[in-house]
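Just so we're aligned: the sequence shown equals residues 2 to 375 in my numbering.
All residues carry an ideal CB built from backbone N, CA and C; glycine is no exception.
This one's a predicted model, so the numbers in the text were calculated from it and none came from an experiment.
A quick write-up on the structure given underneath.
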Amino acid sequence: MELTSLPLVSADSHVEEPSYLWTRHLPASMVKELPIALQQGADTASTFAKRIGVGETEEVKGLTDAARLAGADDVEALCELTADPDRRLAVMRQDDIAAECIYPTSGLFVWSLDNPRVGEACCRLYNEWVYDRLESRSPRFRCAGMIPTWNVEKAIAEVQHIADMGLAAALMPLVGKPEYNHRDWQPLWSAIEETGLPVVMHQGTGHDMLFYRGPGAAVSNLVATQSMAPRTAVLLSTSSVLAAHPGLHFIFVETNASWLPWAMSTADFYHESFQEYDGWVWPDLPEKPSFYMTRQIHGTFQYDPFVVDSLSRTGVEPVLWGSDFPHAEGTFPHSRDSVTEQLAGVEIASAAAIAGGTAAKLFRFDPEVLTKPF
């Protein structure tokens, strides 16, 4: 098979939830507690601009060129387009994509809520909505369900609910409270592993994404949020979470992936060198941290030539391509060209895995569907 004919499976695509999803279907008492991003739905650009101190004297561009090229002329139209299965499939045909792993947009701010009851209601509302609107409409859509992590027992119940419903992954915040090496999480890891669902962690979740304000803040904040991925991945590998749950996979979405070789080699180096200090390295792992990261950690990228150059260090399985539709930093409507350019020097079996094969296995797509025209 040629590189230009490989089935593309985007491991990172989004639905844009309308604001009314939250404001019309939750009790008024809960709506009052929602973050502004959920109250506004997809129209969050101006809010971010004000928070980081830009856009005060110029119009903020709230709709991306990609969204316009897909056929949306305003934010409301974009919400309708991304949640309409027929229109979404038409966009996928335009971009030569066979299937998508789909995540929320404004819903990613749910974990900033302090009230567990409101957070739990938001997660259940989104999960049932996205199943009805997309997951149940086409085998080319595999959607992640949001997990309410304020209470482990409630989280386990929602994991079972989304697994029974047929959603494809458990979406959790990138930064845990408490941190993910805490023993309180162990029952949840076991419950997720039993379902066979992968855990998905999207950049910017579970913490304030705005580290900086003023000049240079937008790009610097994005890089800072992506740095949370190696922090969490190494913690999961060194704390024995991965060793104890070999069937549990973690997918770090929209964090790029060139941090993988750095995190693997750095964790291995200090895992070995810190053995000189009694009691520093615990628990005692049967393998080096990189062994578990190669086996169970994955990162998605849109454009990241450095990770492609490092496949001999990371292995192929950890690296997943995603279009990030419909966002400005995504590859639509040139996804095929972008993938072909970046993977041009990669052996065809490895390229097939990165372009969609590994995502298809993790999210359990029907392989026959991916090769059929639509």
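Would you check if the distance between the CB atom of Ile163 and the CB atom of Gly146 is smaller than 8 Å?
As a first step, residue 163 must be located in the sequence shown, where it is residue number 162. As a first step, residue 146 must be located in the sequence shown, where it is residue number 145. Between Ile163 and Gly146, the CB-CB gap stays under 8 Å.
Quick one: residues in its chain with C-beta nearer than 7 Å to the C-beta of Glu60, no 5 flanking neighbours on either side, listed in chain order?
For the purposes of this step, residue 60 is taken as residue 59 along the sequence shown, with counting starting at 1. Any reading at Glu60 must be qualified, since the residue scores a pLDDT of 48, below 50, and its modelled position is unreliable; the value itself is stated next. Closer than 7 Å at Cβ, skipping near neighbours: no residue.
Next on the checklist: So, at 8 Å on beta carbons, what are the nonlocal neighbours of Gln276 in its own chain, with the 5 sequence-adjacent residues on each side left out?
Outcome noted: Taking the sequence shown and counting its residues from 1, the one referred to as residue 276 is at position 275. Excluding residues within five positions, the ones whose Cβ falls inside 8 Å are Val282.
If you draw a straight line from the alpha carbon of Ser113 to that of Asp85, how long is it in whole angstroms?
Numbered from its first residue, the sequence shown carries residue 113 at position 112. Numbered from its first residue, the sequence shown carries residue 85 at position 84. Answer to the nearest angstrom: the Cα atoms are 28 Å apart.
Whole alpha helix (DSSP H) elements within the stretch 160 to 215, 4-residue minimum | If we require 4 residues or more, the alpha helix (DSSP H) runs fully inside the stretch 160 to 215 come out as 187 to 196.
Nearest to Ala38 by CA position, among Glu101, Thr341, Ser241, Pro19, is which residue?
Position 37 of the sequence shown holds residue 38. Comparing Cα-Cα distances from Ala38 to each of Glu101, Thr341, Ser241, Pro19, the minimum goes to Pro19.
Trp112: first and last residue of the uninterrupted beta strand (DSSP E) it sits in: To locate residue 112, count along the sequence shown from 1; it is residue 111. No beta strand (DSSP E) contains Trp112, which DSSP labels as neither H nor E.
Q) Taking Met173 as the reference, which of Ile193, Glu369, Ser266 has the closest Cα? A) Within the sequence shown, residue 173 is the residue found at index 172, counting from 1. For Met173, the closest C-alpha among the options Ile193, Glu369, Ser266 is that of Ile193.
(message) Counting C-beta neighbours from all protein chains within 10 Å, is the total for Ala361 16 or more, i.e. buried, or is it exposed?
(response) Here residue 361 corresponds to residue number 360 of the sequence shown, with the count starting at 1. The residue in question, Ala361, is buried, as its Cβ has 16 or more Cβ neighbours within 10 Å.
Which term fits Tyr21, buried or exposed, when burial requires 16 or more other beta carbons within 10 angstroms of its beta carbon? Within the sequence shown, numbered from 1, the residue matching residue 21 stands at position 20. Burial call: exposed.
Neighbourhood of Val309 by C-beta distance below 7 Å, restricted to the same chain and skipping five residues each side: Within the sequence shown, the letter at position 308 stands for residue 309. Setting aside the 5 residues that flank it on each side, Val309 is surrounded in the same chain by Gln343, Leu344, Val347, each with a C-beta closer than 7 Å to its C-beta; the list follows chain order.
Q. Who are the Cβ neighbours of Ala356 in its own chain at under 6 Å, not counting the five residues just before and after it?
A. Taking the sequence shown and counting its residues from 1, one reaches residue 356 at position 355. Result list for Ala356: Leu7, Leu9, Trp322, Val340, in chain order.
ask   = At what residues does the beta strand (DSSP E) containing Asp13 begin and finish?
value = Counting from one through the sequence shown, the residue named residue 13 turns up at place 12. Note, Asp13: beta strand (DSSP E), 10 to 15.
TODO: Along the alpha helix (DSSP H) that carries Met294, what are the first and last residues, could you check?
DONE: Numbered from its first residue, the sequence shown carries residue 294 at position 293. DSSP places Met294 in the uninterrupted alpha helix (DSSP H) bounded by 290 to 297.
Give the list of continuous beta strand (DSSP E) stretches no shorter than 3 residues that lie fully inside the stretch 80 to 112.
Counting only runs of 3 or more, we get 100 to 104.
Worksheet entry | Three CB pairs or more closer than 8 Å across the stretch 232 to 248 and the stretch 279 to 296 | Touching, yes, given that three or more Cβ pairs across the two stretches are closer than 8 Å.
**Asked** What is the DSSP secondary structure of Leu321, reduced to helix, strand or coil?
**Response** Position 320 of the sequence shown, counting from 1, holds the residue named residue 321. Three-state result, Leu321: strand.
**Study point:** Per-residue DSSP class, three states only, for Ala258
**Key:** Position 257 of the sequence shown, counting from 1, holds the residue named residue 258. For Ala258, the three-state secondary structure derived from DSSP is coil.
If you reduce the DSSP assignment to three classes, tell me which class Thr65 lands in.
One-based indexing of the sequence shown puts residue 65 at position 64. If DSSP states are grouped into helix, strand and coil, Thr65 belongs with coil.
> DSSP puts Gly300 in a beta bridge; with which residues?
Replying inline: Here residue 300 is taken as the residue at index 299 of the sequence shown, counted from 1. Partner(s): Phe253, Val320.
Residues bridged to Met147 by DSSP? To locate residue 147, count along the sequence shown from 1; it is residue 146. Met147 is bridged to Leu172.
message: Using CA atoms only, rank isn't needed, just tell me which of Pro216, Trp190, Phe251 is closest to Gln204.
response: Indexing the sequence shown from 1 puts residue 204 at position 203. When only C-alpha atoms are compared, the closest one is Phe251.
Tell me which same chain residues have a C-beta within less than 6 Å of the C-beta of Ser259, skipping the five on either side of it?
Locating residue 259 in the sequence shown gives position 258, counting from the first residue. Hits under 6 Å: Asp305, Phe307, Val308.
| request: Could you have a look at Phe366 and say whether DSSP puts it in helix, strand or coil? | output: On the sequence shown, residue 366 is found 365 positions in, with the first residue counted as 1. DSSP places Phe366 in coil when its eight states are reduced to three.
Is it the case that the stretch 125 to 141 contacts the stretch 224 to 242, given that we only count it when at least three CB pairs across the two stretches are under 8 Å? The answer is no - the stretch 125 to 141 does not touch the stretch 224 to 242, with fewer than three Cβ pairs under 8 Å.
Q | Between the CA atoms of Met2 and Ile377 - distance to the nearest angstrom | A | The requested residue 377 is not part of the displayed model; the chain covers only 2 to 375.
Problem set entry | Extent of the continuous alpha helix (DSSP H) to which Met31 belongs | The residue given as residue 31 occupies position 30 in the sequence shown. According to the DSSP assignment, Met31 belongs to the alpha helix (DSSP H) that extends over 29 to 32.
Review point. At a cut of 8 Å, does the stretch 175 to 194 reach the stretch 94 to 104 through at least three beta carbon pairs?
Key: Output reads no: the stretch 94 to 104 does not touch the stretch 175 to 194.
With distance defined between alpha-carbon atoms, name the residue in His183, Pro319, Ser336 nearest to Leu354. For the purposes of this step, residue 354 is identified with residue 353 of the sequence shown, where counting begins at 1. Going by the sequence as given, residue 354 is Ala instead of Leu. Ranking His183, Pro319, Ser336 by Cα distance to Ala354 puts Pro319 first.
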